[in-house]
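Per the numbering used here, the very first residue in the sequence shown carries number 479; after that it's consecutive. All C-beta atoms in this analysis are idealised placements derived from N, C-alpha and C, irrespective of residue type, glycine included. The structure appears right after this line, and notes come after that.
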Amino acid sequence: MKNSDIASSQPRPRWKRWLIDHLDLDSQTHGQLLDDLQRANDRKILHTDEVKMIQGVLEFGSRQVREIMIPRSQISFIDHDADFQQILTAIAETEHSRYPVMNKNKDELIGILIAKDLLKYIGRAASFAMHDIVRPALLVPESQRLNRLLAEFRNSRSHMAVVLDEYAGVTGLVTFEDVLEQIVGDIDDEHDDEEDLNIRLQAPNLYLVDATTTVSELNAVLGTHFMVEDYDTVAGLVMHAMGKIPSIGEELILDEVLFRIVESDSRRILLLEVQTNLNLSTTD
């Protein structure tokens with residue numbers, strides 16, 4: 479018996495059987511299933527957000543911490559020797575709820591400071607002692623898979639992990655929210671900029687556009703007139719016009735609007751540059 483015959487005789491996982499039964503899919507591999515889900519989205523069997531969530535679940539276990547972590551250069555550290563007022567000032571400026579605590583030279587991690595733990599020192603700052611409130615840090619390697627990290631967050635009841643490189647040096651941090659966003663998409667909180675970040679103006683007539691932006695939103699912001707009945711998203715519009723999933727750097731001009739692929743993978747477009755008001759008129 480051939481290996482292919484053995485593979486085909488094995489029962490599919492329950493979740494995959496459900497998708498095939500309900501969406502009329504015929505995928506046999508992980509990649510084919512992702513492609514079928516994208517086609518389900520294109521045929522409007524599933525909403526774009528639902529497809530993205532399912533894709534996030536399918537890709538979740540293969541992703542590593544280094545792909546989503548906040549790099550060290552962007553971390554707001556608290557100095558272990560900082561006094562109470564200095565810490566309050568740092569928190570007021572950055573508005574985070576958790577901070578890695580490092581020694582003065584930032585070469586040794588002491589632990590994690592949770593901002594709410596400072597409340598008991600309000601009005602009695604003289605009694606503040608860092609060692610009384612700093613908590614042990616959850617440490618994870620850059621190569622750790624996200625499904626393993628999620629399990630560690632749940633088991634330790636931690637909301638932040640400090641990421642270490644191969645030499646045990648701090649190279650970044652990752653939060654519980656960062657992990658969840660890989661499945662459900664961006665999670666805005668009260669400190670996030672309320673401005674719509676799907677379409678960002680980079681220069682006159684030049685925009686950075688998330689591929690999941692709806693065509694109707696693109697028309698409203700850029701003043702374009704693309705048909706909204708045929709495609710839900712900008713990615714669908716561009717892929718249909720090009721007849722393929724384009725690679726980074728590829729360009730397309732539609733109705734005197736230039737679309738340039740900035741980020742993509744083997745299954746979808748992620749980010750585009752869109753330039754309007756192109757002067758394409760020529761004279762004989």
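{"Query": "Do three or more CB pairs link the region 742 to 752 to the region 683 to 693 at distances below 8 Å?", "Result": "yes"}
{"Query": "Quick one: measure Cβ to Cβ for V693 and L715, integer angstroms, because I've assumed they're closer than 8 Å.", "Result": "6 Å"}
{"Query": "Using DSSP with H/G/I as helix, E/B as strand and the rest coil, what is S554?", "Result": "coil"}
{"Query": "Could you pull the start and end residues of the alpha helix (DSSP H) that E630 belongs to?", "Result": "624 to 634"}
{"Query": "Does F737 come out as helix, strand or coil in the three-state DSSP assignment?", "Result": "strand"}
{"Query": "Looking only at its own chain, which residues have a Cβ that is under 8 Å from the Cβ of Q542, when we skip the five neighbours before and after it?", "Result": "E620, S621, Q622, R623, L624"}
{"Query": "Output yes or no for whether 8 Å exceeds the beta carbon distance between F631 and F654.", "Result": "yes"}
{"Query": "Give the secondary structure of D595 by DSSP, where H, G and I count as helix, E and B as strand, and everything else as coil.", "Result": "helix"}
{"Query": "Give the straight-line distance between the Cα atoms of T754 and P724, rounded to the nearest whole angstrom.", "Result": "20 Å"}
{"Query": "Could you check what DSSP says for E728 in three-state terms: helix, strand or coil?", "Result": "coil"}
{"Query": "Give every residue of the same chain whose Cβ lies closer than 8 Å to the Cβ of K582, excluding the five residues on either side of it in the sequence, and list them in chain order.", "Result": "D557, H558, D559"}
{"Query": "Spatial neighbours of V618 within its chain, please: CB distance less than 8 Å, with the 5 preceding and 5 following residues excluded, ordered by chain position.", "Result": "V543, L627, E630, A639, V640, V641, L642, V652"}
{"Query": "Name the one or two DSSP bridge partners that D688 has.", "Result": "L749"}
{"Query": "I need the boundaries of the beta strand (DSSP E) containing M580, first residue and last residue.", "Result": "576 to 580"}
{"Query": "Does DSSP put I677 in a helix, a strand or coil?", "Result": "strand"}
{"Query": "Does the Cβ-Cβ distance between Q563 and A603 come in under 8 Å?", "Result": "yes"}
{"Query": "Which first and last residues belong to the alpha helix (DSSP H) in which V716 is found?", "Result": "712 to 720"}
{"Query": "List the whole-angstrom C-beta distance separating I611 from D595, where the pair is believed to meet the contact cut-off of C-beta under 8 Å.", "Result": "4 Å"}
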